[in-house]
Structures are given as structure tokens and as C-alpha cells.
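J.: Numbering (our numbering), first residue to last: 14 to 181.
Glycine included, C-beta positions come from ideal geometry on N, C-alpha and C.
Have a look at the structure that comes next, please.
Take a look at the structure:
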């Protein structure tokens with residue numbers, strides 16, 4: 014955050030992020046189908062791309078542990094605004110846009126490496142894991158913590174655990 018050149022490059026990278034053109038896949042749609050049957054009460058994701066919501070998941074049940082690229086937030090006053098609004102400023106020549114409310118540093122509303130997860134989001138994810146009968150871990154290597162520990166939380170509370178990923 015201290016290096017302006019790094020921030021300028023980060024804003025360029027955000028402008029060209031793959032999330033802007035990504036589309037939900039069959040896995041996202043299958044989870045929406047489970048939700049529509051009333052069997053999916055929470056969807057905890059480490060993804061920042063918003064594809065669950067774009068597939069049709071109710072935003073009120075999606076718990077985005079690592080935040081979302083679709084919003085920008087001020088590191089000083091915590092103001093949140095749509096990322097598209099900030100990127101329009103970048104496109105207009107503002108290489109390192111500051112918060113319009115307080116002048117603070119803006120960044121995507123995602124968790125950066127070394128940054129702590131939001132405690133309210135982590136509590137919601139743990140609550141969802143403790144409250145389920147079946148915990149599906151889909152498309153995760155289960156190597157990133159604390160999200161990977163949610164499997165243990167769910168199992169410890171008596172839930173069945175099903176892991177669907179590319180690893181054995």
C-alpha cells in the first residue's frame with residue numbers, strides 16, 4: 014500500500030481482471046438447483062468473482078470469505094462503492110484513485126495476502142458449518158486456512174462431509 018507505483022499497476026490489473034468476462038459454469042448452476050430445493054442454506058466461497066450470484070444464488074446466503082472484486086473499499090473510512098465506478102476513474106486517467114469521501118487509499122474489497130479475514134464473515138462461515146447436516150466442499154484443494162478448517166467444524170458438529178475436487 015505504501016508504494017504508489019505498485020498501486021497504479023494494481024489498478025491496471027483490476028481493470029483487466031478475468032472476473033469481468035467470466036461466466037458461471039455447471040457447478041455454479043448445480044448449487045443454485047440445490048438452493049431452489051431448499052437444501053442449500055449457506056454457500057461459503059473463497060472465490061472473489063461473484064459467479065455464484067451471477068448463476069442465480071441468493072446473495073443473502075453467499076458468504077464470500079475473501080471478499081469481492083466487484084466492490085472497492087477505502088482503507089481509512091471503510092466507504093464501499095462499486096468497482097466499476099472506481100475503474101471508470103482509472104480509465105479517465107486517475108491512475109491511483111483515492112476515496113472521494115476522505116481521500117484515503119482505495120483497494121478492491123478482497124482479502125489480500127497477509128490481511129486478516131473480516132471477523133463477521135468468518136463467524137458467519139463457522140456458524141453455517143456448525144449448523145449443517147451435510148457439508149459439501151466443492152472445487153477446493155482444502156489447503157487455504159481458515160476456510161479449509163470449516164470441514165472439521167462441520168464434521169465435529171455431526172455433519173456428513175463430501176469433498177468434490179480434482180485431488181484424490
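(1) Would you list, in sequence order, the uninterrupted beta strand (DSSP E) runs of no fewer than 3 residues that lie entirely inside the segment 88–136?
(2) At the level of alpha carbons, what is the spacing between residue 64 and residue 36?
(3) Round the Cβ separation of residue 24 and residue 103 to the nearest angstrom and send it over; I've been treating them as touching at under 8 Å.
(4) If I measure Cβ to Cβ from residue 95 and keep anything under 8 Å in the same chain, skipping five residues before and after, which residues do I get?
(5) Identify, in the order they occur along the chain, each residue of the same chain with its Cβ nearer than 7 Å to the Cβ of residue 75, setting aside the five sequence neighbours on each side.
(6) Assuming residue 70 contacts residue 44 under a Cβ cut-off of 8 Å, what Cβ separation, rounded to an integer in Å, is found between them?
(7) Since residue 34 sits in a beta bridge, which residues does DSSP pair it with?
(8) Is the distance from the Cβ of residue 100 to the Cβ of residue 162 below 8 Å?
(9) DSSP beta-bridge partners for residue 173?
(10) Between the alpha carbons of residue 166 and residue 114, how many angstroms are there, rounded?
(11) Name the DSSP bridge partner or partners of residue 80?
(12) Beta carbon of residue 78, beta carbon of residue 130: below 8 Å?
(13) Does DSSP put residue 64 in a helix, in a strand, or in coil?
(14) Please report the residue range of the alpha helix (DSSP H) in which residue 44 lies.
(15) Sorted by chain position, which residues of the same chain lie with C-beta nearer than 7 Å to residue 81's C-beta, five sequence neighbours on each side aside?
(16) In the structure shown, what three-state DSSP assignment does residue 75 receive?
(17) Tell me, please, which residues DSSP counts as bridged to residue 56.
(18) When the distance is taken between beta carbons, is residue 20 closer than 8 Å to residue 109?
T.: Quick look at the numbers:
(1) 93–95, 119–123
(2) Within the chain shown, residue 64 is the residue found at index 51, counting from 1. Within the chain shown, residue 36 is the residue found at index 23, counting from 1. Rounded to whole angstroms, residue 64 to residue 36 spans 7 Å at the Cα level.
(3) Here residue 24 refers to the residue found at position 11 when the chain shown is read from its first residue. Here residue 103 refers to the residue found at position 90 when the chain shown is read from its first residue. About 5 Å separates the two Cβ atoms, so the contact holds.
(4) Counting from one through the chain shown, the residue named residue 95 turns up at place 82. Once the five neighbours on either side are set aside, the close Cβ partners of residue 95 are 83, 84, 85.
(5) Counting from 1 along the chain shown, the entry for residue 75 is found at position 62. The answer, listed in chain order, is 56, 58, 65, 66.
(6) As a first step, residue 70 must be located in the chain shown, where it is residue number 57. As a first step, residue 44 must be located in the chain shown, where it is residue number 31. Contact holds; Cβ gap of about 6 Å.
(7) Translated into positions along the chain shown, residue 34 becomes position 21. Paired residues: none, contrary to the question.
(8) Start at 1 with the first residue of the chain shown, and residue 100 comes out as number 87. Start at 1 with the first residue of the chain shown, and residue 162 comes out as number 149. Not a contact, by the Cβ cut-off of 8 Å.
(9) Along the chain shown, one-based indexing puts residue 173 at 160. Looking at the DSSP assignment, residue 173 forms a beta bridge with 147.
(10) In the chain shown, residue 166 corresponds to position 153, counting from 1. In the chain shown, residue 114 corresponds to position 101, counting from 1. Roughly 40 Å separates the two Cα atoms.
(11) If you number the chain shown from 1, residue 80 lands on position 67. Beta-bridge pairing links residue 80 to 123.
(12) Here residue 78 refers to the residue found at position 65 of the chain shown. Here residue 130 refers to the residue found at position 117 of the chain shown. Their beta carbons are under 8 Å apart, which means residue 78 touches residue 130 by this criterion.
(13) Working through the chain shown from its first residue, we reach residue 64 at position 51. In this structure, residue 64 counts as helix in the three-state DSSP scheme.
(14) As a position in the chain shown, residue 44 is number 31, starting the count at 1. Start and end: 39–49.
(15) Taking the chain shown and counting its residues from 1, the one referred to as residue 81 is at position 68. Same-chain partners within the cutoff: 61, 63, 122, 123.
(16) Start at 1 with the first residue of the chain shown, and residue 75 comes out as number 62. Three-state result, residue 75: strand.
(17) Along the chain shown, read from residue 1 onward, the residue named residue 56 stands at position 43. Per DSSP, 75.
(18) By 1-based counting over the chain shown, the position of residue 109 is 96. By 1-based counting over the chain shown, the position of residue 20 is 7. Going by C-beta atoms, residue 109 is nearer than 8 Å to residue 20.
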